[in-house]
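Be aware that the sequence shown starts at 0, since it is given in numbering that gives the first Met the number 0, and climbs by one per residue. Yeah, the Cβ is synthetic: ideal placement off N, Cα and C, and Gly gets one too. Since the structure comes first, as structure tokens, the remarks are kept for the end.
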Amino acid sequence: MTLRSLLLAWALIWPATCSAGQYLIAVEALDFSPFYDGAGREYRGYARDLLDAFSRRYHHRFTYVALPVERLYLEFYSKRRYDFKFPDNPRWQTALKAGLTPRYSAPAVTVTESLMVRPAQRDIGFNQIDTIATVRGFSAWPFRSDPWLKIVYADSTESLVNMLLGGRVDGIFFAEDSITHYLARTGRHGLAVRADRITHYHPEFSLATLKHPEVIEQFNAFLAEEQTLIQSLQAKYGIHADNWHAHPPLLVP
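Here it is as structure tokens:
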């Protein structure tokens, strides 16, 4: 049975008439366009449209609270503030979640993250890399075990790109769609590409809660039933499905 079939079956069992509620959703104060942008005065992007559509269907009222990534984790998991967190994934910040039982939704979107480099370095090998960058609060997990590799952190997508194009780092580990979207928006399309010989991976972005599992089940049913809406929103925001099964990533040596 497929994941979608399971979710639809569960939706028939779980009451679809759970009471409407008013909820706070903790989101990242980061421009991660086109997936989401919490860096401005108003949260926006694919995630906002998707969550708003869900809230309208079930008559919920969502208020989005944008926080720096590290503070978001602390307040959500250690201080138990806010009703939901987006995005989240069972593999992220596992030490901080010890002893807790967060409930995760089915994936709202799958992101391709890779080492992005300048075009002339697209064939670079792992042993040719000295310094990489990612956003503060993120984990460049494929590279953390190498004691000779320096990982530096930036506070924004803009800073990441400037580090790379200015030659201060060999690569940036981040979402490909976010980097290409930013470059296109700033008139620098094509100045960063995937390092083809170095692993890329596909984290799933879910809605998480410590308090409201019934709303997560509603969201699962919504995701299973609204595939046409999801596809149209991804097309609207230029989110690309990476054909990674046909072209599996190479492993980091």
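- In the structure shown, Ile150 adopts extended strand secondary structure according to DSSP, grouped into three states.
- By the neighbour-count definition (other C-beta atoms within 10 Å, threshold 16), Thr185 is an exposed residue.
- When rounded, the separation of the alpha-carbon atoms in Gly136 and Pro89 is 16 Å.
- Comparing C-alpha distances from Trp91 to each of Ile229, Ser138 and Asp129 shows the shortest one belongs to Ser138.
- By the beta-carbon neighbour count (other beta carbons within 10 angstroms, threshold 16), His239 is exposed.
- The count of Cβ pairs closer than 8 Å, one atom from the segment 204-224 and one from the segment 100-113, reaches three, so the stretches are in contact.
- In this structure Leu163 is not in contact with Ala119, their Cβ atoms being roughly 12 Å apart against a cut-off of 8 Å.
- In the DSSP assignment, Val64 falls within the beta strand (DSSP E) that extends over Arg60 to Leu66.
- In terms of Cβ geometry, Pro67 and Glu112 do not form a close pair [threshold 9 Å].
- When DSSP states are grouped into helix, strand and coil, Tyr22 belongs to the strand group.
- With contacts defined as CB atoms closer than 9 Å, Val160 and Arg187 qualify as a contacting pair.
- Tyr103 carries a strand assignment under DSSP once its states are collapsed to helix, strand and coil.
- CA-CA distance, Leu232 to Gly166, rounds to 35 Å.
- Per DSSP, Ala28 lies in no alpha helix (DSSP H) and is assigned neither H nor E.
- Along the segment 119-179, the alpha helix (DSSP H) occurs as fully enclosed runs of 4 or more residues at 156-164, listed in sequence order.
- The continuous beta strand (DSSP E) containing Lys84 extends over residues Phe83 to Asp87.
- Per DSSP, the continuous beta strand (DSSP E) segment holding Glu203 begins and ends at Glu203 to Thr208.
- Between Thr109 and Leu209, the CB-CB gap reaches or exceeds 9 Å.
- Proximity to Tyr45 across His59, Pro86, Glu74 and Arg56 peaks at Pro86, based on C-alpha coordinates.
- Judged by DSSP secondary structure, Val116 falls within the beta strand (DSSP E) whose first and last residues are Glu112 to Val116.
- Under the criterion of beta carbons closer than 8 Å, Leu114 and Gly170 qualify as touching, at roughly 4 Å.
- Spatial neighbours of Trp147 in its own chain (CB-CB distance under 7 Å, excluding positions within 5 residues in sequence) are not present.
- Checking the DSSP bridge columns, you'll see Val108 partnered with Phe204.
- The beta carbon of Ala38 lies closer than 8 Å to those of Ala28, Leu29, Asp30, Ala65 and Ser155 in the same chain, with the five residues before and after it left out.
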